[in-house]
Amino acid sequence: MGTVHAKESNMFRNINGSSSNEKENFKEDNPSLHFHEKMNLLERKKGQAVDLHLKARVDRIHVDGLIRTKDDIIKAQVTELFKAQDFYDIIIHAYKVREKLQDLGCFGNIGIYIDTSHGPHATPEGVEVTFMVNEMRRLTGGISTMVGNNEGSVIVQAKAPNLFGRGERLQMEYSYGSKSSTNISMSVVKPFMGSSRHKILTGSVFNTSNRFPWSGFSQCDKGLLIDLAFNPDGTGILKHNLQYEATYREIISSKQMSFRVREQCGPNLKSALRHICSIDKRDSLIFPTTGSLVQFSTEVAGLGGDIGFVKNELTVQTNWTPHEYATFQMGFQSGLLRGISNDMKINIADQFFLGGPLNLRGFDMRGCGPRLDGNSLGGNAYWALALHLYTPLPFRPGRHSFGDLFKLHGFINGGNVSNFTFKFANDYKENMKIFKEDVRCAVGGGIAMKFGNIARVELNLVMPLLFVRNDVLQQFQFGIGLQYL
Amino acid sequence: MPYPLLADSITLELEAQEPWPQLITLYQPYEVEQILLPDNANCLAVQAFLKMCGLDFQIEPRSNAEYMSPSGRVPFIKCGQFLISDFDSIVTFIGNKGTSLSDHLSANCKADMRAYISLVNNIFINAELYICWVDETTLNEVTKIRHGSVYPWPLNHYLNWQKRKEVIKKLNVLGWYNKTLEEVCNEVQNCCTALSERLEGSDYFSGEKPTEVDALVYGHICALSMINPSLPRTVQKITATVQEFPKLLEHASRIGRNYLNNCMLESACDFEMCASSSKETLWNYSESIEALPPLSEDSFEILLLNP
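Residue numbers (our numbering), protein chains in the order written: chain A, 18 to 502; chain B, 5 to 311.
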């Protein structure tokens, strides 16, 4: 909030309205108050009733500190501010504009100053808005740590923001994970700033390798990903991603692997189109108290390459807080994978797996579903449902500070992953089999912690209720990751 | 370093517990469109060896056989829960099960045999690799097409490039990369002369009964001499070199007749190309990129699938 300020005297001047009185007021005001004592508008709003809906007009917008950023993209971002009708509007719009400028990824801190307009063309209600921007340096970099799905990694990255002055950037990233997964990627990002909706085009090449000891193989990917992200409503609630991915994947056998997995070893080429659509109205990513998330993704592989399938996935999460001390959360995930032709293979890397401390709790990573010789083979359909009840820590230690990072939760989760042939005929019974047979279920409780507002750490004690003989169960689980059920 | 030894001894013990004989499945690349010369030679050698041992086996062609193999080389056999790749390891494995072709030989003869095996592995495999991956004509006209045949565009080009790089690196280390085709042919000729002299008038290398060497030599001679006449001239040159040795061809056709029941080499004795059943089969290639395999007992690498 701290960066939006209005100079107190401006307010009064606006309120007074008449330009002839202005000089008087100005002189009567303490000059130091005028120049130095900036007042936080929101505090002001609480303390004293100020008519924010006072008519005002934006005469001029200054953007200070532009060096290599091109004018046209800045213009596209700020023009909406001219539409503001009153002072309140101006503030709201100024915020939005600041967000948009920030989204360009070209600037460090952005400050907003609002002043009455001066000069020959100034209108009586006119104000001037000044954005103080700080362009980033040509090359930035850093080393950071990240937590991914049950793994911590070190990331070394370098970024060249605002390459040609229109928000283009080039970034390189190398990460090395604690489970010896490595990831090198280089991407070019080009935002297209329209008037209201903007699109971001990202092209990246990557080289990753991951081990999946639960399935007995490791995977090495080299690929190209082109992603077009846009939000049609401009608010960031509804988001679409259109992606094209071409990946050369190599499945490498580990020493002891089931022959069924071994049969799938070797190189393959996946060329896929993907559409991800998400509506996210939650108030927070990790511990939301209200709102829901619906995400639907469709992937079609088989435009070239030797891998062909259609994959649909649905993720739903909804939150409800009847009382300050209790938040209910329901999460649901499901997916379906189908082949498209007999010539195109489906690799084990494309299959669905279930189980893990942030997935279906109570089971080891990839711990349920079809297995052979201790290797998880995955299935082509799955569903998982979890119901959580969150409460703050008892006696609320560290309230409003450190203590708010932790929550206790009790949960019950269930799901199933299997191979089945989907029949589109009205074979209701056959198709519902996955919801009826071999359903896994576990209850438990534990402590959850949020980590930098993107990751989540959980320590749980779980008791599996329903399981199958092959499943790998875990009673104590520690999980860390970005996605959770 | 104790770990591999321990693993070996565990494997040995487990091996002993496996009931025998088990059904053997032999995995190899597709013969008609994919396999390249060195791999073809190895696959034929293993097939001949298993037949000589009187073991039944099934051939299972897989396009990714090379990647499925625990050592990255073809062929490999699956026997119960074990996967064994490479000629030498397979021989050792079968030997541990009590079926051996060279038990009756004296220690001297065995040592000789090992020497010949290593000679064949050294010379023939490198020559085959050279022809497939270094000789430009063959590389472009045959190897790239065959090796890439099972992969989609553009993956085929990438994998061909990768494979070539790998082979060249290996040949470079062994000092073969800078040889000319003539030199390669000379090496082959020398090797053939040595084998031919050893063979003299007998049916097999160690007298009346075939041994591992016979299987291995059969594989290579068969693969090399049966090259399709439509293939590039450079390959024909090697073929011509091999065909200067009627004793080896006879030996190969004898094994073919007696153990593999095929007539592939029937006419080869007349120094003619036989374009019979296996017209296309001749080329095999794959991952035989391997230096001379060590001959010691602990050289075998057996993959324990799951006890």
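For each residue, glycine too, the CB sits at the ideal point set by N, CA and C.
Note that this is a predicted model, so its numbers are computed, not measured.
Measure the beta-carbon distance from A/I303 to A/C282 and round it to whole angstroms, keeping in mind my assumption that it falls under 8 Å.
-> The pair is not a contact, with the Cβ atoms about 38 Å apart (cut-off 8 Å).
Would you call the segment 467-482 of chain A and the segment 291-307 of chain A in contact, with 3 or more CB pairs under 8 Å?
-> They touch, by the three-pair rule.
B/N44 classed as buried or exposed, judged by whether at least 16 other C-beta atoms fall within 10 angstroms = For B/N44, the number of other beta carbons within 10 angstroms of its own is at least 16, and it is reported as buried.
Is A/L286 close to chain B, meaning its C-beta is less than 8 Å from at least one C-beta of that chain?
-> Taking Cβ atoms only, chain B reaches closer than 8 Å to A/L286, which makes this a yes.
To the nearest angstrom, report how far apart A/A318 and A/R378 are at their CA atoms.
-> 30 Å
In chain order, what residues of the same chain have a beta carbon less than 8 Å from the beta carbon of A/Q368, not counting five sequence neighbours either side?
-> L354, L394, G395, G396 and N397
Who are the Cβ neighbours of B/V239 in its own chain at under 7 Å, not counting the five residues just before and after it?
-> I135, T142 and I231
Buried versus exposed, by CB contacts within 10 Å (16 or more), B/V177 = exposed
Where B/E37 falls: helix, strand or coil (DSSP) | coil
Starting from B/C226 and walking both ways along the alpha helix (DSSP H), at which residues does that stretch end?
-> E216 to S229
A/K216 beta carbon less than 8 Å from that of A/E185 = no
How would you call A/Q492, buried or exposed, if buried means at least 16 neighbouring beta carbons within 10 angstroms?
-> Around the C-beta of A/Q492, fewer than 16 other C-beta atoms lie within 10 Å, and the residue is accordingly described as exposed.
Rounded Cβ spacing between A/D323 and A/L286 (contact assumed at less than 8 Å) | 6 Å
Would you mind sorting B/C196 into buried or exposed? The rule is 16 or more other CB atoms within 10 Å of its CB.
-> buried
Taking B/Q26 and B/A69 to be in contact with their CB atoms under 8 Å, please state how far apart those CB atoms are, rounded to whole angstroms.
-> No, B/Q26 and B/A69 are not in contact; Cβ-Cβ is about 20 Å, not under 8 Å.
When burial is assigned at 16 or more other CB atoms within 10 Å of the CB, is A/G469 buried or exposed?
-> Burial call: exposed.
Under the three-state reduction of DSSP, which class applies to B/C113: helix, strand or coil?
-> helix
Can you have a look at A/P481 and say buried or exposed, based on whether 16 or more other CB atoms are within 10 angstroms of its CB?
-> buried
Taking B/M117 as the query, report the chain A residues whose CB atoms sit under 8 Å from its CB, ordered along the chain.
-> None at all; the shortest Cβ gap to chain A is about 31 Å.
Counting contacts by CB-CB distance shorter than 8 Å, is B/L163 in contact with chain A?
-> By this cut-off, B/L163 is an interface position.
So what's A/F52 in DSSP terms, helix, strand or just coil?
-> Residue confidence for A/F52 is low, a pLDDT of 36 falling below 50, so the modelled location carries little weight; the figure read from the coordinates is stated next. In this structure, A/F52 counts as helix in the three-state DSSP scheme.
Given A/R383, which residues of its chain have a CB within under 8 Å of its CB, disregarding the five upstream and five downstream residues?
-> F229, W231, S232, F370, L371, G372, G373, S393 and G395
Would you say the segment 112-126 of chain A touches the segment 155-164 of chain A, given that touching needs at least three Cβ pairs under 8 Å?
-> no
Flag this pair as yes or no: are the beta carbons of B/L133 and B/L175 separated by less than 8 Å?
-> yes
Would you decide whether A/A111 is buried or exposed? Buried here means 16 or more other CB atoms lie within 10 Å of its CB.
-> buried
Evaluate B/L269 with the Cβ neighbour count: other Cβ atoms within 10 Å of its Cβ, from every protein chain shown; 16 or more gives buried, anything less gives exposed.
-> Interpretation of B/L269 is limited by its pLDDT of 43, a score under 50 that renders its predicted location unreliable; no figure is taken from the coordinates.
Taking 8 Å as the cut-off, decide whether the C-beta atoms of A/D76 and A/G128 are in contact.
-> Not a contact, by the Cβ cut-off of 8 Å.
Take A/Y342 as the anchor and find which of A/E330, A/A263, A/K424 and A/S221 has the nearest alpha-carbon.
-> The shortest Cα separation from A/Y342 among A/E330, A/A263, A/K424 and A/S221 belongs to A/K424.
Can you pull the chain B residues whose beta carbon is under 8 Å from the beta carbon of A/D360, in chain order?
-> Result: empty, since nearest Cβ-Cβ is about 10 Å, beyond 8 Å.
Below 8 Å between beta carbons: does that hold for A/L320 and A/S271?
-> no
Give, in chain order, every unbroken run of the beta strand (DSSP E) that is at least 3 residues long and sits entirely within the segment 313-387 of chain A.
-> 326-340 and 343-356
Chain-ordered neighbours of B/L159 on chain A, where CB pairs are closer than 9 Å = Y265, P284, N285, L286, G322 and D323
Sort out for me which residues DSSP pairs A/C458 with in a bridge.
-> A/G431 and A/L483
State buried or exposed for B/Y208, treating a residue as buried only when at least 16 other CB atoms are found within 10 Å of its CB.
-> Answer is buried; the Cβ neighbour count reaches 16.
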